[in-house]
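Chemist: Okay, here's the structure, questions in a sec.
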Amino acid sequence: YVKFPLADREGSLVIWTTTPWTIPANTFVAVDEDLAYNAVRAEKNGEEELLYVAEECVEDVLGEGRYEDYEIEAELSGSDLVGWAYDHPLADHVAEYPDFEGAGQVYAADYVEADRTGLVHSAPGHGEEDFHRGTELGLDVYCPVGPNGEFSEAAGEYAGEFVRDANGDIIDDLVADGHMLAHGTVEHSYGHCWRCDTGIIQLVTDQWFISITDVKDDLLDNMEASEWHPQWARDNRFRDFIEDAPDWNVSRQRYWGIPIPIWVPEDADPDHLDEDMIVVGTREELAERVEEDVDPDAIDLHRPSVDELTIVEDGTTYRRVEDVFDVWLDSSVATWGTLGYPSDEAAHDELWPADLIIEAHDQTRGWFWSQLGMGTAAVGEVPYEEVIMHGFANDEDGRKMSKS
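Going by my numbering, the first residue of the sequence shown is number 8, and it counts up by one from there.
See the structure below:
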């Protein structure tokens, strides 16, 4: 439980978090504008302070803080708190923190509940809901963490530390500065890699997307052009997934994979890569545009070979972006990629779309979806006519055997 001191009035906003390492990136505090909040005059060890928490949470919060007595000074709604400004609780320890226009204020958000304190510490650089709300509010996205999970120089005293290792230091500093109401250890669920069971962290990164949301109506129309067995899988599960599908993140930061064929200026602004990029569509175009002498029929399009190729235009040197494609993009173009399309249209005209594809029910979010998504985005059609969706073959413990 952390106290965020108000900037223009007495008191502190009390938030609760299981990730102290995200507090350096705090950008705003979220409230439910329709929820009831209290200004509580709390006493402990002969000293008083004014705290703001949700009405339903007063007893629990004061119990956690081991306050001896209290009185309610004011009753407010969340909408009354909107617009209040507060000081960053770690301002004396970090080199930079979100102090741009709009930061350090209270905003309404629909993800707030009357739980713990009823006020939510929000860091758009480290949470999906926070990111979307911050974007809606027009706030900059701040993230002082590098791709290796360590704090950057912007984090000041915590620079170079792996974020989870910094939790203890951040807690100690909050305690020393009088901003900690209470802290302890709780068990809760947190994201882990499904392959190696390593804990993961959330941080904002620049990625490439296919704008699926721009062709949502076309996706639903093309879905109707395919026949499914069983039919309910298409009309219920698959339709529901399509209707809620976000834009498709097709970039990955790996070595293995199909390199994304986009070249950008060496000094390009990372936030505006698409303003002056060169997208290369074929081997022949690549051989024609790069400075190096390459044979379009023999060139290795994988890393590291393709990373060594440069394009120079009007005195500007362009280098390929480091990203590779999501492996599902490989699968999504299987029906026409295996036929040599678009380089060779003869086999494609004769055999495409596929008569039938067969997979298990988990592929409504996988192969069935990726093929429809890419088929619609690239050529405007569904790349298969019929789908058979089956269940899993399980072992004696009920675990699927398809990946054994």
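Every residue, glycine too, gets a C-beta built ideally from N, C-alpha and C.
For T342, report the span of its alpha helix (DSSP H) as first-last.
Modeler: Residues 341–344.
Chemist: Give me the Cα-Cα distance between R261 and G90, rounded to the nearest whole angstrom.
Modeler: Rounded to whole angstroms, R261 to G90 spans 42 Å at the Cα level.
Chemist: Helix, strand or coil: how does DSSP classify W28 here?
Modeler: W28: helix per DSSP, three-state reduction.
Chemist: With DSSP as the reference, label G156 as helix, strand or coil.
Modeler: Reduced to three states, the DSSP call for G156 is coil.
Chemist: Would you mind reading off the limits of the alpha helix (DSSP H) that contains D67?
Modeler: Its alpha helix (DSSP H) spans residues 65–71.
Chemist: When we look at the beta-carbon of P277 and count the other beta-carbons within 10 Å, is it buried (16 or more) or exposed?
Modeler: Counting Cβ neighbours within 10 Å, P277 comes out exposed, since fewer than 16 surround it.
Chemist: Please report the distance separating the alpha-carbon of V389 from that of A361.
Modeler: Distance between the alpha carbons of V389 and A361 is about 9 Å.
Chemist: Less than 6 Å between C-beta atoms, sequence neighbours within five positions excluded: which residues of the same chain meet that for R296?
Modeler: Excluding sequence neighbours, R296 sits near I318.
Chemist: Quick check: the Cα distance between S159 and Y165, rounded to an integer number of angstroms?
Modeler: Straight-line Cα distance between these residues: approximately 8 Å.
Chemist: Suppose you measure from the CA of K51 to the CA of F216; what does that come to, to the nearest Å?
Modeler: If I take the Cα positions, the gap works out to 53 Å.
Chemist: Determine the closest residue to V370 out of L358, M396, D251, D87, with distance taken between C-alpha atoms.
Modeler: Note on residue identity: the sequence assigns Gln, not Val, to residue 370. It is M396.
Chemist: For H95, which residues of its own chain have a beta-carbon under 6 Å away from its beta-carbon, when the five flanking residues on both sides are left out?
Modeler: Taken in chain order, the residues that qualify are Y104.
Chemist: Quick check on R123: buried or exposed, where buried means 16 or more other Cβ atoms within 10 Å of its Cβ?
Modeler: The residue in question, R123, is buried, as its Cβ has 16 or more Cβ neighbours within 10 Å.
Chemist: Please state whether DSSP places I267 in a helix, a strand or coil.
Modeler: Three-state result, I267: coil.
Chemist: When burial is assigned at 16 or more other CB atoms within 10 Å of the CB, is S312 buried or exposed?
Modeler: Looking at its Cβ environment, which holds fewer than 16 other Cβ atoms inside 10 Å, S312 is exposed.
Chemist: At 3 residues or longer, and completely inside the stretch 270–296: list those beta strand (DSSP E) runs for me, N to C.
Modeler: Runs of the beta strand (DSSP E) inside the stretch 270–296: none found.
Chemist: Would you mind reading off the limits of the beta strand (DSSP E) that contains K10?
Modeler: K10 -> beta strand (DSSP E) spans 9–12.
Chemist: Just to confirm, does D41 get its C-beta within under 6 Å of one of the non-hydrogen atoms of the ligand ZN?
Modeler: Only the bare structure without any ligand can be found here, which leaves the ligand ZN out of the picture.
Chemist: Hey, V394 and I364 are a contact pair by Cβ (cut 8 Å); roughly how many whole angstroms apart?
Modeler: Right, the Cβ-Cβ distance comes to about 6 Å (below 8 Å), so this counts as a contact.
Chemist: Can you look up G380 in the DSSP assignment and give me helix, strand or coil?
Modeler: Residue state, collapsed to three classes: helix.
Chemist: Taking 6 Å as the limit between beta carbons, can you name the residues of its chain near F35, skipping five residues before and five after?
Modeler: Answer for F35: Q112, Y114, S129, listed in chain order.
Chemist: Quick check: what's the CA-CA separation for S86 versus R246?
Modeler: Whole-angstrom Cα-Cα distance: 37 Å.
Chemist: Classify I30 as buried or exposed, calling it buried when 16 or more other Cβ atoms lie within 10 Å of its own Cβ.
Modeler: Burial call: buried.
Chemist: What's the call for C200, buried or exposed, on a 16-neighbour Cβ count within 10 Å?
Modeler: Classification of C200: exposed, given that the 10 Å Cβ count is below 16.
Chemist: Is G132 near A37, with beta carbons less than 7 Å apart?
Modeler: Cβ atoms of G132 and A37: not closer than 7 Å.
Chemist: Just to confirm my understanding: we take E80, look at its own chain, exclude 5 residues before and 5 after, and list those with CB closer than 6 Å. What are they?
Modeler: Cβ within range, chain order: A46, R48.
Chemist: Taking the DSSP output, what are the residues bridged to I22?
Modeler: Answer by DSSP bridge pairing, in chain order: V9.
Chemist: Comparing alpha-carbon positions, which option in R259, D225, A252, A240 lies nearest D213?
Modeler: If we check each option's Cα against that of D213, R259 comes out closest.
Chemist: Using only the alpha-carbon positions, how far apart do Y8 and R406 sit?
Modeler: The straight-line gap from Cα to Cα measures roughly 41 Å.
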